[in-house]
Amino acid sequence: MKREYDVIVVGAGAAGLYGALQFPENVSVLLISKRELPLSNSSLAQGGVAAVLDKSHDNFKLHIADTLIAGKYKNNLAAIEVLVSEGPQDVLKLKEMGVAFDLDASGKMMMTLEAGHSRHRIVHHKDSTGRAMLIFLRIHFFILSKRQIMDSLQA
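In this note's numbering, each residue carries its 1-based index in the sequence shown increased by 73.
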């Protein structure tokens, strides 16, 4: 196994895998997981991903306000603004990667309302959104030749 990498990502859940995939293919990336790859909190996530995809009924200001209220205003506003503004493009990228978000009869992603949200903005895959996302994130991660993973490691 290679001993030098351009980037080391600690955590092989959805955030770690998605983050590792943001680097160009010529960047060598090592993904480290403390457990076997299929075991992560992301794989247990049943709900969905919140994103403002229907701007005729929702907007970034409402999503930010909902997030602040849910966090009792102890959240980092700058972080919320990034998550809310970049969320829609990330959800669409996940869909392009093959994540099978539930669709309505017209082929549009279905959005539901979940706790803490004032608008229907949660896209989902049945009751196993996290698992569905991880399947395709792992596929894309392993397709790239300069990517490696080490699992069952403790820091």
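Glycine is no exception: its CB is placed at the ideal position from the N, C-alpha and C atoms.
Quick one: any contact between the stretch 137 to 154 and the stretch 167 to 178, if contact means 3 or more CB pairs under 8 Å? No, they do not touch.
Could you have a look at Val-100 and say whether DSSP puts it in helix, strand or coil? Three-state result, Val-100: coil.
Any idea what DSSP makes of Ala-173, helix, strand or coil? Correct three-state label for Ala-173: coil.
Go to Val-80, then tell me how far its beta strand (DSSP E) extends in each direction, as first and last residue. If you look at Val-80, you'll find it in the beta strand (DSSP E) that goes 80 to 83.
C-alpha gap between Ala-87 and Leu-210, whole angstroms: Taking the straight line joining both Cα atoms gives about 7 Å.
Excluding five sequence neighbours on each side, which residues of the same chain lie with their C-beta closer than 8 Å to the C-beta of His-197? The beta carbon of His-197 is closer than 8 Å to those of Gly-120, Gly-121, Val-122, Phe-174, Asp-175, Met-183, Thr-185 in its chain, skipping five residues each way along the sequence.
Please classify Arg-108 as buried or exposed, where buried requires at least 16 neighbouring CB atoms within 10 angstroms. Exposed: under 16 other Cβ atoms inside 10 Å.
List the endpoints of the continuous alpha helix (DSSP H) containing His-213. Element bounds for His-213: 202 to 216.
Could you check the C-alpha separation between Asn-132 and Val-82 for me, to the nearest Å? Distance between the alpha carbons of Asn-132 and Val-82: 32 Å.
Would you mind giving the Cβ-Cβ distance between Gly-189 and Asp-127, rounded to the nearest angstrom? I have them listed as a contact below 8 Å. 18 Å between Cβ atoms; not a contact.
Identify whether Val-125 lies in helix, strand or coil by the three-state DSSP scheme. The DSSP-derived three-state label of Val-125 is coil.
Does the distance from the C-beta atom of Ala-124 to that of Gly-160 stay below 8 Å? Less than 8 Å separates the beta-carbon of Ala-124 from that of Gly-160.
Using a 10 Å radius around the Cβ and a threshold of 16 neighbouring Cβ atoms, would you call Ser-113 buried or exposed? Classification of Ser-113: buried, given that the 10 Å Cβ count is 16 or more.
Hey, quick one: how far does the alpha helix (DSSP H) through Tyr-91 stretch, first residue to last? Tyr-91: member of the alpha helix (DSSP H) spanning 87 to 93, first to last residue.
Contacting residues, own chain, Cβ-Cβ under 7 Å from Arg-204 (five flanking each side not counted): Apart from the 5 residues on each side of it in sequence, Arg-204 sits with its Cβ closer than 7 Å to the Cβ of Ser-116 in its chain, given in chain order.
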